[in-house]
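Student: Below is a structure I'd like to ask you about.
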Amino acid sequence: MESYDVIVIGSGPGGYVAAIRAAQLGKKTALVEKYNSLGGTCLNVGCIPSKALLDSSEHYHQAAHQFEAHGIETGGLKLDFKRMIARKAEVVEQTVGGIDFLMKKNGIDVLNGFGSFVDDHTVEVKPAKGQSTTIKGAHIIIATGSKPASLPFIKIDKKRVITSTEALTLDALPKSMVVIGGGVIGLEMGSVYARLGTEVHVVEYQDGIIPTMDKSMGKELMRSMKKLGVKFHLQHGVKEVKANASGVTVKADDKKGKEVSWKADYCLVSVGRKAYTEGLNLESAGLTTDDRGRIDVNNQMQTAVPHIFAIGDVVRGAMLAHKAEEEGVVAAEVIAGEHPHIDYNLIPNVVYTWPEVAGVGQTEEQLKASGTPYKSGSFPFKASGRARASMDTDGSIKVLAHADTDEILGVHMCGPRAADMIAEAVVAMEFRATAEDVSRMSHAHPTFTEAIKEAALAATGNRALHV
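Just so we're on the same page, my numbering is the position in the sequence shown counted from 1, plus 196.
This is how it looks when you write it as structure tokens:
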């Protein structure tokens, strides 16, 4: 039986990064993955393919609706939806191939098959075909990720009632789609299809979209997505989804209890994700899960069995690829005797619509609820010269700072390249910068990031210069 210093179960961003870091630290490492391709949900049916479609659909939308204003005549603009889906698959293939290379480069043994515990040091790897293999590990990292959640009364048939996985591989562009859930995944996929001409209805139980983010950013995004033709139905409780060969009917009660319904080609169920821990045989390792299938861990990612670690979507916290990566590094470094840490308050959250939405730190709602004294400064992109030049004037940036110390407590933005710009806020907050500090930094002109400086100026005595 082969023995390893570290066995990682699951090859998503958390798992493969944990394996790489463990190998870098001199540990003999094995990576167990039940599918033939590495990368987990993120690389295969999540982050990477969805961003490929988001970019492709945005290019098409700009060609159809904005190029003329730039003096560009497109003539007979035509959508080749199958080619768009094929390009997405090519991006996935290239990215997954890159992970294969990294495993070889770092001397990591990859075992394809379903991994489950025999005991707290032994893992059985059962491939789809052929004989099982058993390996031993001094340390084991569980990184099996998550899968789409649903509602008890909804049957996901993967034909007309689909998840984000199937939404990435449709054969033809649908004329209509109902998206259940106004969270990140639903809005990203909904925006892809709305840009391409699909009639999209978003049905959300709460009174706003992207509820985990600052409420003002949800309002900004909703205003922008309405321009794409997306129809929002807030405070609607879905009660029935019925599918047939040609389409689907969705019924819901509005906030007054009145029944409303929609007929569409597809219903995308996007009500969140749940930890994927089924079949791991955790009890044989002395582990249990909570009512949501998650494994309890301490700040060093150790489970109740100290030499077994768990990271990413199978533990508490936001289900984010970059959060899983950070936790994977922590687990590997703890195994190697180092003393890393994660500040979860400084892990950014991003929605890759266009405009993008990003936030880090505390939201205004959280600051109010905790009674923290704060001040706020905002700057709209319509006042940004760079945004006007690129016709990306939707959205704004908000800086929240402590009323007494001026330390930045949160930064939230809806606008062009927010996913990239949020890193500036993370760096500032990592070093406990004040709004005054950021307002004194020179930002190149003209750039989108000038809006961060202007929002910081607005938070320090209403000193914004360009609004």
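Cβ atoms here follow ideal geometry from the backbone N, Cα and C, with glycine treated the same way.
Leaving out five residues on either side along the sequence, give the residues of the same chain with a beta carbon under 8 Å from the beta carbon of residue 284.
Tutor: Position 88 of the sequence shown, counted from the start, is the residue given in the question as residue 284. 245, 248, 249, 252 and 364, listed in sequence order.
Student: Please specify which runs of the alpha helix (DSSP H), each continuous and at least 4 residues long, are wholly inside the segment 556–642, giving them in chain order.
Tutor: Counting only runs of 4 or more, we get 560–566, 581–586, 614–626 and 631–635.
Student: Nearest CA to the CA of residue 696: which residue from 383, 354 and 227?
Tutor: Nothing about residue 696 can be read from this structure; the chain reaches only from 197 to 663.
Student: Under three-state DSSP, which class holds residue 469?
Tutor: Your numbering for residue 469 matches position 273 in the sequence shown. Correct three-state label for residue 469: strand.
Student: Alpha carbon to alpha carbon, what distance is there between residue 533 and residue 221?
Tutor: Here residue 221 refers to the residue found at position 25 when the sequence shown is read from its first residue. Here residue 533 refers to the residue found at position 337 when the sequence shown is read from its first residue. C-alpha separation (whole angstroms): 10 Å.
Student: Shortest alpha-carbon distance to residue 570 belongs to which of 543, 590 and 603?
Tutor: On the sequence shown, residue 570 is found 374 positions in, with the first residue counted as 1. If we check each option's Cα against that of residue 570, 603 comes out closest.
Student: Specify, as a first and last residue, the run of the beta strand (DSSP E) that residue 313 falls within.
Tutor: Here residue 313 refers to the residue found at position 117 of the sequence shown. Start and end: 310–315.
Student: Counting along the chain, where does the alpha helix (DSSP H) carrying residue 519 start and finish?
Tutor: Counting from one through the sequence shown, the residue named residue 519 turns up at place 323. Per DSSP, residue 519 belongs to the alpha helix (DSSP H) from 517–531.
Student: What is the DSSP secondary structure of residue 290, reduced to helix, strand or coil?
Tutor: Here residue 290 refers to the residue found at position 94 when the sequence shown is read from its first residue. The answer is helix: DSSP assigns residue 290 an H, G or I state.
Student: Buried or exposed: where does residue 297 fall if 16 or more other Cβ atoms within 10 Å of its Cβ makes it buried?
Tutor: Within the sequence shown, the letter at position 101 stands for residue 297. Exposed, since its Cβ has fewer than 16 Cβ neighbours within 10 Å.
Student: Using the rule of at least 16 other Cβ atoms within 10 Å of the residue's Cβ for burial, across every protein chain shown, is residue 472 buried or exposed?
Tutor: As a position in the sequence shown, residue 472 is number 276, starting the count at 1. Per the 10 Å Cβ criterion, buried.
Student: With a cut-off of 8 Å on the beta carbons, I'd call residue 593 and residue 546 a contact; round off their distance for me.
Tutor: In the sequence shown, counting from the first residue as 1, residue 593 sits at position 397. In the sequence shown, counting from the first residue as 1, residue 546 sits at position 350. Their Cβ separation, rounded to whole angstroms, is 14 Å, which puts residue 593 and residue 546 out of contact at 8 Å.
Student: Compare the beta carbon distance of residue 313 and residue 322 with 9 Å and say whether it is the shorter of the two.
Tutor: As a first step, residue 313 must be located in the sequence shown, where it is residue number 117. As a first step, residue 322 must be located in the sequence shown, where it is residue number 126. No.
Student: Determine the direct distance from the alpha carbon of residue 577 to that of residue 641, and round the result to whole angstroms.
Tutor: Locating residue 641 in the sequence shown gives position 445, where the first residue counts as 1. Locating residue 577 in the sequence shown gives position 381, where the first residue counts as 1. One C-alpha to the other measures close to 14 Å.
Student: Assuming contact is defined by CB atoms lying nearer than 9 Å, are residue 396 and residue 424 in contact in what I supplied?
Tutor: Here residue 396 corresponds to residue number 200 of the sequence shown, with the count starting at 1. Here residue 424 corresponds to residue number 228 of the sequence shown, with the count starting at 1. Yes, Cβ-Cβ distance for residue 396 and residue 424 is below 9 Å.
Student: Per DSSP, what are the beta-bridge partners of residue 263 in this structure?
Tutor: Locating residue 263 in the sequence shown gives position 67, where the first residue counts as 1. Answer is none; residue 263 lacks a bridge partner.
Student: Contact check, residue 495 vs residue 537 under 8 Å by CB: the rounded distance?
Tutor: Indexing the sequence shown from 1 puts residue 495 at position 299. Indexing the sequence shown from 1 puts residue 537 at position 341. Right, the Cβ-Cβ distance comes to about 7 Å (below 8 Å), so this counts as a contact.
Student: By Cβ distance below 7 Å, which residues in the same chain neighbour residue 394 in space, the five residues on each side in sequence not counted?
Tutor: Numbered from its first residue, the sequence shown carries residue 394 at position 198. 369, 370, 371, 372 and 373, listed in sequence order.
Student: Report buried or exposed for residue 289, applying the criterion of at least 16 other Cβ atoms within 10 angstroms of its Cβ.
Tutor: Within the sequence shown, numbered from 1, the residue matching residue 289 stands at position 93. Residue 289 is exposed by the Cβ-count criterion.
Student: Does the distance from the C-beta atom of residue 443 to that of residue 356 stay below 9 Å?
Tutor: Counted from its first residue, the sequence shown places residue 443 at position 247. Counted from its first residue, the sequence shown places residue 356 at position 160. Going by C-beta atoms, residue 443 is nearer than 9 Å to residue 356.
Student: Compare the C-alpha of residue 557 against each of 408, 524, 591 and 612 and name the closest.
Tutor: For this step, residue 557 is matched to residue 361 along the sequence shown. Here the closest residue by C-alpha is 408.
Student: Out of curiosity, what's the CA-to-CA distance linking residue 493 and residue 484?
Tutor: On the sequence shown, position 297 is the one that residue 493 refers to. On the sequence shown, position 288 is the one that residue 484 refers to. Near 11 Å, if we compare the C-alpha coordinates of residue 484 and residue 493.
Student: Using 8 Å as the Cβ pair cut-off and three pairs as the minimum, do the segment 449–459 and the segment 328–337 touch?
Tutor: No: the two stretches stay apart, fewer than three of their Cβ pairs being nearer than 8 Å.
Student: List the whole-angstrom C-beta distance separating residue 553 from residue 610, where the pair is believed to meet the contact cut-off of C-beta under 8 Å.
Tutor: For the purposes of this step, residue 553 is taken as residue 357 along the sequence shown, with counting starting at 1. For the purposes of this step, residue 610 is taken as residue 414 along the sequence shown, with counting starting at 1. Going by Cβ atoms, the distance from residue 553 to residue 610 rounds to 5 Å, so yes, they are a contact pair.
Student: Hey, could you find the ends of the alpha helix (DSSP H) residue 384 is sitting in?
Tutor: Counting from 1 along the sequence shown, the entry for residue 384 is found at position 188. That run of the alpha helix (DSSP H) goes 380–392.
Student: Which residues mark the beginning and the end of the beta strand (DSSP E) in which residue 209 is found?
Tutor: Working through the sequence shown from its first residue, we reach residue 209 at position 13. Premise fails: residue 209 lies in the alpha helix (DSSP H), 209–220, not in any beta strand (DSSP E).
Student: Pull up the distance between the alpha-carbon of residue 267 and that of residue 574, whole angstroms please.
Tutor: As a first step, residue 267 must be located in the sequence shown, where it is residue number 71. As a first step, residue 574 must be located in the sequence shown, where it is residue number 378. The alpha-carbon atoms of residue 267 and residue 574 are separated by roughly 33 Å.
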